[in-house]
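Note that the protein sequences, when read in sequence, are chains A and B.
Just so you know, we're using this note's numbering here: the first sequence kicks off at 65 and counts up by one.
Just so you know, we're using this note's numbering here: the second sequence kicks off at 65 and counts up by one.
Protein chains: 2
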Amino acid sequence: MVTIKDVAREAKVSVATVSRALNGSASVTAQTRRRILGVVARLRYVPHGAARSLVTRRTQTIGALLPDLFGEFFSELIRGIDLAARARGLHLLVSSSHGDSEETATALRAMQGRVDGLLIMSPHVDAAFLRDHLPGTLPAVLMNTSVANKRHATLNADNYGGAHAMARHLRGCGHRDIAFIAGPEGNFDARERLKGFRDGCDGKVRTRVLRGDFSEESGYRAGRELAALPIAKRPDAIFAANDMMAVGCLFALTEAGLRVPDDVALTGFDDIPIARFVTPPLTTVRVRIADLGHAALEQLVARMEAPDAPPAPARTLPCEIVIRASCGHAARKRSGSSSHHRRAGRD
Amino acid sequence: MVTIKDVAREAKVSVATVSRALNGSASVTAQTRRRILGVVARLRYVPHGAARSLVTRRTQTIGALLPDLFGEFFSELIRGIDLAARARGLHLLVSSSHGDSEETATALRAMQGRVDGLLIMSPHVDAAFLRDHLPGTLPAVLMNTSVANKRHATLNADNYGGAHAMARHLRGCGHRDIAFIAGPEGNFDARERLKGFRDGCDGKVRTRVLRGDFSEESGYRAGRELAALPIAKRPDAIFAANDMMAVGCLFALTEAGLRVPDDVALTGFDDIPIARFVTPPLTTVRVRIADLGHAALEQLVARMEAPDAPPAPARTLPCEIVIRASCGHAARKRSGSSSHHRRAGRD
DNA sequence: TTCCCTTATGAAAACGTTTACATTCGGGCG
DNA sequence: CGCCCGAATGTAAACGTTTTCATAAGGGAA
């Protein structure tokens, strides 16, 4: 392995000068710098990251602690984070698939000292967990969590606002009996969406809430349950707390011979790519997931650069409603049939 | 920050003993070890990764160099890699979104010294590139590349075999005029799939090849082109080189008023989750993407453990055909309508 | 008792950087 | 001509581990 000493010897300077030349420090003659850079290129010298980290106490790496990598949501999220990290010259260490709180703790601990900051999104993380496992010195940004922590920044999508707006939209479409397929009870996003739905309905329409866990399977079950109801008791609209459940529900409804949106309207939440591809395309709440990742990273960087700065107020990213055919609003307007191409690029 | 010295002082032993106790070395009294572990827990001591790496020359991290993180393919791939890495106690450093060869080189260089091994999947990587930018000492596994390299292991999905089998399947369904929507020309997977298609048709049926680039958009364009043909010249089956193009094509066909599979059959390649959700569900070639990631990591670990071992023959992961409704084979069998639930879990 | 061997522990040298401090050198000014 | 000052470079001390080698303690055999 070629070290800085080899470069120094070859360029006939001291290691200090090589280090300075490489780190862009002033006070190195242009001529000397050129000579050094030449040797560096010739020898294919690459600084040893660990050695550098040891003395600078910086790893140039940020860690992302995620609950899972399954599905399009996380794919998008990581993409957003990666893009932002790359733009800042930071590396990205990912860790996911934590079954329980114990595993999460282990993962968090293992990242200790390998990263300069942490992006955390995990259902197992609460205030007590953080206190016990996250050293106060490590900057962190919490995503989609209820933990209102003075020590760490938090960042959320506007779950409440999005669900609220969707409920109002459904009312505006003329629906008077709306069923909500909820997410897992412990989940912060899920709770906020439910609350938004309730408040958005405002007591003006009949509502009911079915259990779900964000999985396609649970949406399918809820759909079957609703489809089996006698027509008088059947809701005229269904609002699933995320798109995967909406998709599952859609299949259950179709299977039962019900047409969406003619017999029953259906909407979701997240706007994952699949939402555009099902038939009919799904009206949903768009969460700019990649942007969320991007914003989280930016916030983390801000905290890393000023660790003692004020706690930074919890930020909320706005959501917007995306109206497609499934809600029974734009259903007749066939003009927008190729609207699914609008997001074909990598926005 | 609490270091090993603090632990040593507190436990009244030398740093050497602490190190030994933590690394599970024999020859540390059970009593001493207990005492040390107690102090470690009390002080919340976590070894400094960089310092450790500096001396052991191990980072316990593997890097994944990917072309992009966009779409379900890479999401699945990363998941497979992450799971396997976690099982081995390795960290995962990801780097993606490299627009050109230059960026790829930078990324590769930046990973130097931060990882113990590299998983590489990138269109910009060829033999010359590797020679110039990858030090011979760093174990690496190449995925989906044509580079048959003595220095590095390679791993591919059975693109040829899958496409070959699909072509035969389409013939078996009675189709006699098959159009193929190809992937990008420089892409190894794409070339293999095209070759498999050609050989699978075996000159027995009429064939034609349309350009594509793996994007939904390009599939859409190809679909429009085919739909615009007079009925006598229209193919009775379309085989897209990946699922995203098949989905785009499906929308173009539907938009043009053609019914799949009645007017024209359609199949894809990859079996990304979306394939199950479109209408009709897409017959496709299943690439066990997560398994591919898993296998790649295992192969990399093998190389890391025995860097001088024989080159390890290029491995190919088998593919299988998944028959759904879009190919006009099982179209009438409505029984399997809920077949999309088969993969609802995290297989 | 003396010697040697085993076993647990300690002392100190690496590992490859960065950086505070010291040194050298050349030149303008008194 | 000697002085001092700034600029360029060198010297060496960190950074927190692991690991080699040395040492101490205890015990059995001669």
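The beta carbon of each residue, even a glycine, is placed where N, CA and C say it ideally should be.
Residue 146 of chain A touches chain B at which residues, Cβ-Cβ below 8 angstroms? Taking the first sequence and counting its residues from 1, one reaches residue 146 of chain A at position 82. What residue 146 of chain A touches in chain B: 133, 158, 159, 160, 161.
Does the beta carbon of residue 365 of chain B come closer than 8 angstroms to any beta carbon on chain A? The residue labelled residue 365 of chain B in the question sits at position 301 within the second sequence. Using beta-carbon distances, residue 365 of chain B does not count as an interface residue toward chain A, since no partner is under 8 angstroms.
Can we say the stretch 85–101 of chain A touches the stretch 144–160 of chain B, given the rule of at least three CB pairs closer than 8 angstroms? The stretch 85–101 of chain A, when compared against the stretch 144–160 of chain B, does not touch it at the 8 angstroms Cβ threshold.
Hey, out of A:179, A:333, A:80, A:343, whose CA is closest to residue 326 of chain A's CA? As a working mapping, residue 326 of chain A is identified with position 262 in the first sequence. When each option's Cα is compared against that of residue 326 of chain A, the closest is A:343.
Which same chain residues, not among the five before or five after residue 404 of chain A, have their C-beta less than 7 angstroms away from its C-beta? In the first sequence, the residue the question calls residue 404 of chain A occupies position 340. Any answer about residue 404 of chain A is weak, because its pLDDT of 40 lies below 50 and its placement is not dependable; what the coordinates show is given next. Cβ neighbours of residue 404 of chain A beyond the five flanking positions: 340, 341, 345.
For residue 220 of chain B, which residues from the same chain have a beta carbon less than 6 angstroms from its beta carbon, with the 5 sequence-adjacent residues on both sides left out? For this step, residue 220 of chain B is matched to residue 156 along the second sequence. Excluding residues within five positions, the ones whose Cβ falls inside 6 angstroms are 208, 380.
Name the residues in the stretch 188–210 of chain A whose C-beta lies less than 8 angstroms from a C-beta of chain B; which are they? So the list reads 199, 201, given in the order they occur along the chain.
State the beta-bridge partners of residue 204 of chain B as determined by DSSP. Residue mapping note: residue 204 of chain B aligns to position 140 of the second sequence, counting from 1. According to DSSP, residue 204 of chain B bridges with B:182.
Under the three-state DSSP convention, the category residue 220 of chain A falls into: As a working note, residue 220 of chain A is residue 156 in the first sequence. The three-state secondary structure of residue 220 of chain A, taken from DSSP, is strand.
Using the Cα positions of residue 285 of chain A and residue 138 of chain B, report the straight-line distance between them to the nearest angstrom. Position 221 of the first sequence, counting from 1, holds the residue named residue 285 of chain A. Position 74 of the second sequence, counting from 1, holds the residue named residue 138 of chain B. Each residue's Cα considered, the two are about 29 angstroms apart.
Per the contact definition of three or more C-beta pairs closer than 8 angstroms, is the stretch 354–361 of chain A in contact with the stretch 351–362 of chain B? At 8 angstroms Cβ cutoff, the stretches do not touch.
Which chain B residues are close to residue 331 of chain A, counting only those with a beta carbon under 9 angstroms from its beta carbon? By 1-based counting over the first sequence, the position of residue 331 of chain A is 267. Residues of chain B with a Cβ closer than 9 angstroms to the Cβ of residue 331 of chain A do not exist; the shortest Cβ-Cβ separation is about 16 angstroms.
Span of the beta strand (DSSP E) holding residue 354 of chain B? Translated into the one-based positions of the second sequence, residue 354 of chain B becomes position 290. Per DSSP, residue 354 of chain B belongs to no beta strand (DSSP E); it is in the alpha helix (DSSP H), 353–369.
Could you tell me which of A:203, A:198, A:186 sits nearest to residue 251 of chain A, measuring between CA atoms? If you number the first sequence from 1, residue 251 of chain A lands on position 187. The residue with the shortest Cα to Cα distance from residue 251 of chain A is A:186.
Of the listed residues A:227, A:312, A:82, A:202, nearest to residue 215 of chain A (C-alpha basis): For the purposes of this step, residue 215 of chain A is taken as the residue at position 151 of the first sequence. Nearest in C-alpha terms to residue 215 of chain A, of all of A:227, A:312, A:82, A:202, is A:202.
Taking CB distances under 8 angstroms as the criterion, tell me whether residue 348 of chain B reaches chain A. In the second sequence, residue 348 of chain B corresponds to position 284, counting from 1. With its beta carbon at least 8 angstroms from every one in chain A, residue 348 of chain B lies outside the interface.
For the stretch 227–259 of chain A, list every residue whose C-beta sits within 9 angstroms of some C-beta in chain B, in sequence order. If you check each beta-carbon in the stretch 227–259 of chain A against every beta-carbon of chain B, none falls closer than 9 angstroms.
Status (buried if at least 16 other CB within 10 Å, exposed otherwise) for residue 321 of chain A: For the purposes of this step, residue 321 of chain A is identified with residue 257 of the first sequence, where counting begins at 1. So residue 321 of chain A counts as exposed.
Mind pulling the chain B residues with CB within less than 8 angstroms of residue 343 of chain A? Within the first sequence, the letter at position 279 stands for residue 343 of chain A. The contacting residues are 342, 343.
Mind pulling the chain A residues with CB within less than 8 angstroms of residue 95 of chain B? Locating residue 95 of chain B in the second sequence gives position 31, where the first residue counts as 1. Close partners of residue 95 of chain B in chain A (Cβ separation under 8 angstroms) are lacking, with about 25 angstroms as the shortest Cβ gap.
From residue 377 of chain A to residue 365 of chain A, what distance separates their C-alpha atoms? Residue numbering aside, residue 377 of chain A sits at position 313 when the first sequence is read from its first letter. Residue numbering aside, residue 365 of chain A sits at position 301 when the first sequence is read from its first letter. Their Cα atoms are separated by approximately 15 angstroms.
With distances taken Cα to Cα, identify the nearest neighbour of residue 248 of chain B among B:276, B:237, B:258. Here residue 248 of chain B refers to the residue found at position 184 when the second sequence is read from its first residue. When each option's Cα is compared against that of residue 248 of chain B, the closest is B:276.
How many whole angstroms separate the CB atoms of residue 312 of chain A and residue 281 of chain A, which I take to be in contact at a CB cut-off of 8 angstroms? On the first sequence, position 248 is the one that residue 312 of chain A refers to. On the first sequence, position 217 is the one that residue 281 of chain A refers to. In this structure residue 312 of chain A touches residue 281 of chain A by the C-beta definition: roughly 6 angstroms separates them, less than 8 angstroms.
Under 8 angstroms by beta carbon: chain B residues contacting residue 358 of chain A: Numbered from its first residue, the first sequence carries residue 358 of chain A at position 294. Neighbours of residue 358 of chain A on chain B: none; closest Cβ ~13 angstroms, over 8 angstroms.
Figure out for me which residue from A:102, A:123, A:389 has the closest Cα to the Cα of residue 182 of chain A. Start at 1 with the first residue of the first sequence, and residue 182 of chain A comes out as number 118. Considering only alpha carbons, the answer is A:123.
For the alpha helix (DSSP H) holding residue 257 of chain B, just list the boundary residues, first then last. As a position in the second sequence, residue 257 of chain B is number 193, starting the count at 1. For residue 257 of chain B, the enclosing alpha helix (DSSP H) begins and ends at 252–265.
Please list, in chain order, the residues of the stretch 100–115 of chain B that have any C-beta partner in chain A closer than 8 angstroms. Hits within the stretch, in order: 108, 110, 111, 112, 113, 114, 115.
Any 3 or more C-beta pairs closer than 8 angstroms across the stretch 127–141 of chain A and the stretch 105–115 of chain A: The stretch 127–141 of chain A vs the stretch 105–115 of chain A: no contact.
Tell whether a beta-carbon distance below 8 angstroms holds between residue 85 of chain A and residue 107 of chain A. Counting from one through the first sequence, the residue named residue 85 of chain A turns up at place 21. Counting from one through the first sequence, the residue named residue 107 of chain A turns up at place 43. No; because the gap between Cβ atoms is not below 8 angstroms, this pair is not in contact.
Where do the N-terminal and C-terminal ends of the beta strand (DSSP E) with residue 241 of chain B fall, by residue? Counting from one through the second sequence, the residue named residue 241 of chain B turns up at place 177. Counting along the chain, residue 241 of chain B sits inside the beta strand (DSSP E) bounded by residues 241–245.
Any beta carbon of chain A sitting closer than 8 angstroms to that of residue 401 of chain B? Along the second sequence, one-based indexing puts residue 401 of chain B at 337. For residue 401 of chain B, the predicted model reports a pLDDT of 36, less than 50, meaning its position is unreliable; a value from the coordinates is still stated below. So, interface residue.
Limits of the unbroken alpha helix (DSSP H) element including residue 144 of chain B: Within the second sequence, numbered from 1, the residue matching residue 144 of chain B stands at position 80. Membership of residue 144 of chain B in the alpha helix (DSSP H) is indicated by the continuous run 136–151.
Can you list the residues of chain B that residue 142 of chain A reaches, using a CB-CB cut of under 7 angstroms? Locating residue 142 of chain A in the first sequence gives position 78, counting from the first residue. For residue 142 of chain A, the residues of chain B that pass the 7 angstroms Cβ criterion are 133, in the order they occur in the chain.
Just the chain B side, please: which residues come within less than 8 angstroms of residue 338 of chain A by C-beta, in chain order? On the first sequence, residue 338 of chain A is found 274 positions in, with the first residue counted as 1. Neighbours of residue 338 of chain A on chain B, chain order: 337, 338, 341.
Distance CB(residue 188 of chain B)-CB(residue 160 of chain B) smaller than 8 angstroms: In the second sequence, residue 188 of chain B corresponds to position 124, counting from 1. In the second sequence, residue 160 of chain B corresponds to position 96, counting from 1. In this structure, residue 188 of chain B keeps its C-beta atom at 8 angstroms or more from the C-beta atom of residue 160 of chain B.
Proximity winner among B:125, B:148, B:150, B:194, relative to residue 170 of chain B (alpha-carbon distances): Taking the first residue of the second sequence as 1, we reach residue 170 of chain B at position 106. Comparing alpha-carbon positions, the option among B:125, B:148, B:150, B:194 lying closest to residue 170 of chain B turns out to be B:194.
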